[in-house]
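Under the numbering used here, the final residue of the sequence shown carries the number 209; numbering is consecutive throughout.
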Amino acid sequence: MSAIAVPRPTLHHVTLKTTRVQEMLDWYAQVVGMTANHHSKFGAWMTNDAANHRVALLAHPALVDDADKVPHTGMHHLAFEYENMGQLMDAYERLRDHGITPHACLDHGLTTSLYYVDPDGNSVELQADNFGDWALSSEWMRTSPEFELNPIGINTDPEQLLAAWRESGDAAALHERSFAGEFDPGTPLDLRLPDEQSASPEDAALA
Numbered sequence: 003m004s005a006i007a008v009p010r011p012t013l014h015h016v017t018l019k020t021t022r023v024q025e026m027l028d029w030y031a032q033v034v035g036m037t038a039n040h041h042s043k044f045g046a047w048m049t050n051d052a053a054n055h056r057v058a059l060l061a062h063p064a065l066v067d068d069a070d071k072v073p074h075t076g077m078h079h080l081a082f083e084y085e086n087m088g089q090l091m092d093a094y095e096r097l098r099d100h101g102i103t104p105h106a107c108l109d110h111g112l113t114t115s116l117y118y119v120d121p122d123g124n125s126v127e128l129q130a131d132n133f134g135d136w137a138l139s140s141e142w143m144r145t146s147p148e149f150e151l152n153p154i155g156i157n158t159d160p161e162q163l164l165a166a167w168r169e170s171g172d173a174a175a176l177h178e179r180s181f182a183g184e185f186d187p188g189t190p191l192d193l194r195l196p197d198e199q200s201a202s203p204e205d206a207a208l209a
């Protein structure tokens, strides 16, 4: 039997259910420059590039907030990538100056990433590729013993990271220093995941 090539479509958008459309519109506009191509009582369809929409907001009168979102299954985060470290650091500084700070900053090895929380409690990642090339970062991800050992990455203080970036402007050197743990904030990492202690006995037995 001859192999049939499977067409590979491009990921186009993510749709979020929400009870606060306007707050979400305002937040995504401020954080990642999104604008709505359509906004009505049914929700909103936002984009920050040539696509008709990249993030859709779905409103429905029967929706209720999930006060216990973190320990539940579902989407953990969505991510946006900047072209380079300079753009990521500029974004961090701009948002910080408007009172928007990340709940986590990680050097994943393949990317340096800042994680924020939107008005609905969804985690939103802003990242820059540490290799500046998807082929190189993909190869590192596939073959690196460091990633095999620690796929989450290195807890990093964004303020120390920003100061070092402003001093050197060298993305490769900055990644080397952060991945070595030089910018450890000395505080616990908030991944917005449930504590292991809260797992059921059955879950604990599987760990």
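For each residue, glycine too, the CB sits at the ideal point set by N, CA and C. Computed from a predicted structure; not experimentally measured.
- Local conformation of Asp67 per DSSP, three classes: For the purposes of this step, residue 67 is taken as residue 65 along the sequence shown, with counting starting at 1. Asp67 falls in the coil class under three-state DSSP.
- Message: Assuming Leu108 and Thr158 are in contact, meaning their beta carbons sit under 8 Å apart, how far apart are those beta carbons, in whole angstroms?
- Response: As a position in the sequence shown, residue 108 is number 106, starting the count at 1. As a position in the sequence shown, residue 158 is number 156, starting the count at 1. The pair is a contact, with the Cβ atoms about 6 Å apart (cut-off 8 Å).
- Task: Would you check if the segment 136-154 and the segment 38-53 touch, i.e. whether three or more CB-CB distances between them fall below 8 Å?
- Result: no
- Task: Determine the burial state of Leu141: buried for a count of at least 16 other Cβ atoms within 10 Å of its Cβ, exposed for fewer.
- Result: Along the sequence shown, one-based indexing puts residue 141 at 139. Before going on, a small fix: residue 141 reads as Glu here, not Leu. Within a 10 Å sphere around the beta-carbon of Glu141 sit fewer than 16 other beta-carbons, which makes this residue exposed.
- Item | Inter-stretch contact (C-beta, 8 Å, three-pair minimum) for the segment 22-35 and the segment 118-125 | yes
- Item | Validate contact between the segment 82-94 and the segment 164-174 using beta carbons, cut 8 Å, 3 pairs | yes
- Message: Looking at Leu80: is its Cβ nearer than 9 Å to the Cβ of Val126?
- Response: Numbered from its first residue, the sequence shown carries residue 80 at position 78. Numbered from its first residue, the sequence shown carries residue 126 at position 124. In contact: Leu80 and Val126 (Cβ atoms closer than 9 Å).
- CB of Val33 within 9 Å of CB of Leu112, strictly: Here residue 33 refers to the residue found at position 31 when the sequence shown is read from its first residue. Here residue 112 refers to the residue found at position 110 when the sequence shown is read from its first residue. No. Outside cutoff.
- Indicate the three-state DSSP secondary structure (helix, strand or coil) for Ser115 in the structure shown. Taking the first residue of the sequence shown as 1, we reach residue 115 at position 113. DSSP places Ser115 in the strand class (E or B) of the three-state scheme.
- Using the beta-carbon count (16 or more within 10 Å), is Phe44 buried or exposed? As a working mapping, residue 44 is identified with position 42 in the sequence shown. With fewer than 16 Cβ atoms within 10 Å of its Cβ, Phe44 is classed as exposed.
- Report the partner residues of Thr17 according to the DSSP bridge assignment. In the sequence shown, counting from the first residue as 1, residue 17 sits at position 15. Answer is Ala58.
- Message: Measuring only the C-alpha atoms, how far is Gly76 from Pro196?
- Response: In the sequence shown, counting from the first residue as 1, residue 76 sits at position 74. In the sequence shown, counting from the first residue as 1, residue 196 sits at position 194. So the alpha carbons of these two residues sit roughly 13 Å apart.
- Give the DSSP bridge partners of Trp47, in chain order. Residue 47 sits at position 45 when you count from the first residue of the sequence shown. BP columns for Trp47 point to His40 and Ala58.
- Query: Hey, His105 and Arg194 are a contact pair by Cβ (cut 8 Å); roughly how many whole angstroms apart?
  - Reply: Against the sequence shown, residue 105 aligns to sequence position 103. Against the sequence shown, residue 194 aligns to sequence position 192. Their Cβ separation, rounded to whole angstroms, is 6 Å, which keeps His105 and Arg194 in contact under 8 Å.
- Name the DSSP beta bridge partners of Ala106, please? Looking up residue 106 in the sequence shown gives position 104. Per DSSP, Tyr117.
- Task: Work out the CA separation of Ala137 and Thr12 for me, nearest whole Å.
- Result: Taking the sequence shown and counting its residues from 1, one reaches residue 12 at position 10. Taking the sequence shown and counting its residues from 1, one reaches residue 137 at position 135. One C-alpha to the other measures close to 17 Å.
- Item | Residues near Gly101 in its chain [Cβ-Cβ closer than 7 Å; skip 5 each side] | Reading the sequence shown from its first residue, position 99 is the one you call residue 101. Within the same chain, Gly101 has no close Cβ partners at all.
- Secondary structure at Val34, three-state DSSP: helix, strand or coil? Counting from 1 along the sequence shown, the entry for residue 34 is found at position 32. Val34 falls in the helix class under three-state DSSP.
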